[in-house]
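Residue numbers (full-length UniProt numbering): 1 to 62.
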């Protein structure tokens, strides 16, 4: 079996389709990434996409 090279990008932040950015807030600060530029790096390639949203569940009152 041939070896594989995997190119991946992991971002966690607020997606803005208006300006195609993802803004991540960490302890170190706020960082904005050009999401369209990242996607262009995969243009013409076979990819898989996984999007996930974290939603806090309501706490049951006792």
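Note that the Cβ used here is the ideal one computed from N, Cα and C, for glycine as well.
{"Query": "Which of helix, strand or coil DSSP assigns to residue 37", "Result": "helix"}
{"Query": "Residue span of the beta strand (DSSP E) that contains residue 24, given as start and end", "Result": "21–26"}
{"Query": "Three-state secondary structure (DSSP) of residue 51", "Result": "coil"}
{"Query": "Whole-angstrom C-beta distance between residue 22 and residue 13, which should lie under 8 Å", "Result": "5 Å"}
{"Query": "Residue 42 beta carbon less than 8 Å from that of residue 15", "Result": "no"}
{"Query": "N-terminal and C-terminal residue of the beta strand (DSSP E) that residue 14 is part of", "Result": "14–16"}
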